[in-house]
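Engineer: Chains as they are written, first to last, in my numbering: chain A, -17 to 324; chain B, 450 to 821.
(1) Going along the chain, which residues of its own chain have a beta-carbon closer than 7 Å to the beta-carbon of residue 100 of chain A, five neighbours each way excluded?
(2) Any chance the segment 183 to 194 of chain A sits against the segment 214 to 223 of chain A, with 3 or more Cβ pairs inside 8 Å?
(3) Is residue 15 of chain A buried or exposed, if buried means 16 or more other CB atoms sit within 10 Å of its CB?
(4) Kindly say whether residue 537 of chain B, judged by its beta-carbon, lies nearer than 8 Å to any beta-carbon of chain A.
(5) Anything in chain B within Cβ reach of residue 126 of chain A, meaning under 7 Å, just list it in chain order.
(6) Would you give the residue range spanned by the alpha helix (DSSP H) that residue 235 of chain A belongs to?
(7) Residue 582 of chain B and residue 85 of chain A: beta carbons closer than 8 Å?
(8) Could you have a look at residue 529 of chain B and say whether DSSP puts it in helix, strand or coil?
(9) Check whether the Cβ atoms of residue -8 of chain A and residue 22 of chain A sit closer than 8 Å, and answer yes or no.
(10) Are at least three pairs of beta-carbons, each pair with one atom in the segment 718 to 731 of chain B and one in the segment 532 to 539 of chain B, less than 8 Å apart?
(11) Can you name the residues that DSSP bridges to residue 612 of chain B?
(12) Just verifying my parser: in three-state terms, what is the DSSP assignment at residue 330 of chain A?
(13) List the residues of chain B that residue 74 of chain A touches, going by C-beta distances under 7 Å, in chain order.
(14) For residue 192 of chain A, go through chain B and note every residue whose CB falls closer than 9 Å to its CB, in chain order.
(15) Applying a beta-carbon distance threshold of less than 8 Å, which residues of chain B neighbour residue 91 of chain A?
(16) Please classify residue 615 of chain B as buried or exposed, where buried requires at least 16 neighbouring CB atoms within 10 angstroms.
(17) Which same chain residues, not among the five before or five after residue 69 of chain A, have their C-beta less than 6 Å away from its C-beta?
(18) Nearest to residue 119 of chain A by alpha carbon, out of A/48, A/176, A/96 and A/103?
(19) Buried or exposed: where does residue 113 of chain A fall if 16 or more other Cβ atoms within 10 Å of its Cβ makes it buried?
(20) For residue 52 of chain A, return the contacting residues in chain B, with the cut-off set at a CB-CB distance below 8 Å.
(21) Could you confirm whether any beta carbon from chain B is found closer than 8 Å to the beta carbon of residue 55 of chain A?
(22) Is residue 119 of chain A close to chain B, meaning its C-beta is less than 8 Å from at least one C-beta of that chain?
(23) Going along chain D, which residues have a C-beta under 7 Å from residue 277 of chain A?
(24) What are the boundary residues of the beta strand (DSSP E) that includes residue 35 of chain A?
(25) Report the residue ranges of all beta strand (DSSP E) runs contained in full by the segment 649 to 690 of chain B; include only those spanning at least 3 residues, in chain order.
(26) Let me know the secondary structure DSSP gives residue 155 of chain A once reduced to three states.
(27) If we call anything under 8 Å between Cβ atoms a contact, is residue 276 of chain A one with residue 245 of chain A?
(28) Who are the near neighbours of residue 274 of chain A in its chain, counting only those whose CB is closer than 6 Å to its CB and skipping five residues on each side?
(29) Indicate the three-state DSSP secondary structure (helix, strand or coil) for residue 573 of chain B in the structure shown.
(30) Residues of chain A with a CB under 9 Å from the CB of residue 654 of chain B: which are they?
(31) Considering only residues of the same chain and omitting the five flanking positions on each side of residue 689 of chain B, which have a CB-CB separation below 6 Å?
(32) Mark residue 117 of chain A as exposed unless 16 or more other C-beta atoms lie within 10 angstroms of its C-beta, in which case mark it buried.
(33) If we call anything under 8 Å between Cβ atoms a contact, is residue 61 of chain A one with residue 10 of chain A?
(34) Name the residues in the segment 261 to 285 of chain A whose C-beta lies less than 7 Å from a C-beta of chain B; which are they?
(35) Consider the Cβ of residue 504 of chain B: report whether some Cβ of chain A lies at a distance smaller than 8 Å.
(36) Is residue 102 of chain A close to chain B, meaning its C-beta is less than 8 Å from at least one C-beta of that chain?
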């Protein structure tokens, strides 16, 4: 076990996989000479050379498609989309091709491709650079979508994604790159398609992924300390496939759920989670499933507006209190009066 | 536009030299036979479509037979082909069993793509047909990437990627040609210019209607060839493939005609009466056949023998396709993922996410506990 950042875990895993398997190579904009916009690939060009760490022109559709074609011939490309916003330029290649090729040709060609890309707002980057559109990919059969929230999962899920024979959208987050955590030293890929209960509890199920799984853990710890609440946290980790069984098992125990997401509310990941809970645990719910999501606006640049648009810890705590009040097990109390750490 | 296309085609090439007659004549007869195979296969496919045995869209290579034959003859068996949705002829000339090509049109289990692809999505790794693709331009980045994989491994195979004239207007064309040239990838891009993207002429879709000239933007060698002459197409393609094998990607424009509508159901009403009349006399098979007859390579008996042999192949293909089973519904979820994954949704429409709970909840469990 080593303590390292989410960024370091990604870097070290890419490097280890390139050492392990010659078919693994990297492509993307500014990943080589510039060492990556977020420095995930720092040093790798120097170590592996420009055949295996390939800087591309600004041509998301072109290089994503080239990666798919190379994968069809048996290579295992890991491409970096500088942010998930730019991946929209490659939607045709990812959705119409990467996700279809295995099925459309009756299983004759595989596409072992990893698309690494960070989502996340909160950096005053404005409307086009602050989106969370992982849903686009999670909507599509043939895609796998994973969203690690911790350095340990960053490693374990990246190992799994690279060794998987299907296209995997690997969602990172700008707000997580500098977070630290224990990372097992062992070469142990996670299982794609599995959520995990990262904190057991009995009072309410708090569900999140990527940055919001991190927020969920913080809020649960904080409410345990301040209110003695026993909140169970579920980190989705995999958006497609979605591990509905783990969600439903949790809610059958807690009888209440709040879903956190950095994307927009309407039609968002949380909507699917809430619908799944309704299907699988209808008789166990003591209150409607609440969702906490980004405000449904093009993200503004001005800081107070941006802050208001993003889900905060206060927003989450408010939703939890209201849900528990609806359950009848806890009275709503104003945040200021109970000493909750913000 | 189609008449412009015709004017752009050069005069048919001189007949083969007498001294190489034996081998050369054999190849010319084989070209003619393959052109007839594509023609009769496509006519049979159109009939099957009209008989509702083939569904979806069905785009035919009618008029493009010489282009297909010339291009495919320039490839080694280990070279790769990426093409678009107008690909039946390419599948046949890559050496795929016509039975399996027809069975794919019928959506049967013996089809080249096991009934999952249909007319637009033929694929066979053994014969290195790496796909017909239905999204205009979608195959170009993929072909570029296949060439990248060849280069990565140090192989000497080549990728040939065909596209229509309308595809020269899409962004993926630019991105792919730029990347291929920038990285010196072994790929030949071939524009099959039949003068029409559905019903839109090249003049209405391209600011540079001499499409091969676009290669200059990438410092990529390029050429235009008469797509009614299989020998000329082959020679141009051989030159292009040789360049690509040396790491110099190439852009080849093959000027041809589409004798029917965009797909089987398109009556092509956007064509003028003059154009329709002209096309009745513009048939690459007739032109090539007349030339070979005049040159003494073919005669009426040989043509009749070819027609009879091909008719047998096509009839057998249709019979095979009709006899091949439909895929079992139980296989519906077999090809979503290559690597099995937990929680993969395998539900038919209307099936619940979870088994309905016993009602009232807990009663069943309690009585089960009692009885145990």
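Virtual Cβ for every residue (Gly too), placed ideally from N, Cα, C.
Structural biologist: In this structure, then:
(1) 20, 65, 66, 154, 155 and 156, listed in sequence order.
(2) Verdict: yes, contact present.
(3) So residue 15 of chain A ends up on the exposed side.
(4) By this cut-off, residue 537 of chain B is not an interface position.
(5) Close partners of residue 126 of chain A in chain B (Cβ separation under 7 Å): 790.
(6) Taken as a continuous stretch (DSSP letters only), the alpha helix (DSSP H) holding residue 235 of chain A covers 226 to 236.
(7) No, they are not a contact pair.
(8) Three-state result, residue 529 of chain B: strand.
(9) Yes.
(10) The segment 718 to 731 of chain B is not in contact with the segment 532 to 539 of chain B.
(11) Paired residue(s): B/640.
(12) In the structure as shown, chain A starts at -17 and stops at 324, and residue 330 of chain A therefore has no counterpart that could be examined.
(13) Taking a Cβ-Cβ cut-off of 7 Å, the neighbours of residue 74 of chain A in chain B comprise 584 and 587, given in sequence order.
(14) What residue 192 of chain A touches in chain B: nothing, since even the nearest Cβ is about 18 Å away.
(15) Correct list: 572, 574, 579 and 580.
(16) By the neighbour-count rule (16 or more Cβ atoms within 10 Å), residue 615 of chain B is buried.
(17) Taken in chain order, the residues that qualify are 63 and 99.
(18) Here the closest residue by C-alpha is A/96.
(19) Buried.
(20) Ordered by position in chain B, the residues that pass the 8 Å Cβ test against residue 52 of chain A are 594, 595, 597, 598 and 601.
(21) Yes, residue 55 of chain A counts as interfacial toward chain B.
(22) Residue-level contact check: residue 119 of chain A does not touch chain B, since none of the beta carbons of chain B fall below 8 Å from its beta carbon.
(23) Reference to chain D is not applicable here, since the protein chains of this structure are A and B.
(24) That run of the beta strand (DSSP E) goes 35 to 37.
(25) Correct list: 670 to 675.
(26) Taken through DSSP and simplified to helix, strand or coil, residue 155 of chain A comes out as strand.
(27) Yes, the Cβ-Cβ distance between residue 276 of chain A and residue 245 of chain A is below 8 Å.
(28) Excluding residues within five positions, the ones whose Cβ falls inside 6 Å are 242, 293, 297, 298 and 301.
(29) Strand at residue 573 of chain B.
(30) By Cβ distance, chain A contributes nothing, its closest Cβ being about 19 Å from residue 654 of chain B, past 9 Å.
(31) Result list for residue 689 of chain B: 637, 699 and 701, in chain order.
(32) Per the 10 Å Cβ criterion, buried.
(33) Residue 61 of chain A places its beta carbon less than 8 Å from that of residue 10 of chain A.
(34) Answer in chain order: 261, 262 and 265.
(35) Residue 504 of chain B does not count as touching chain A.
(36) Cβ-Cβ to chain B under 8 Å: no for residue 102 of chain A.
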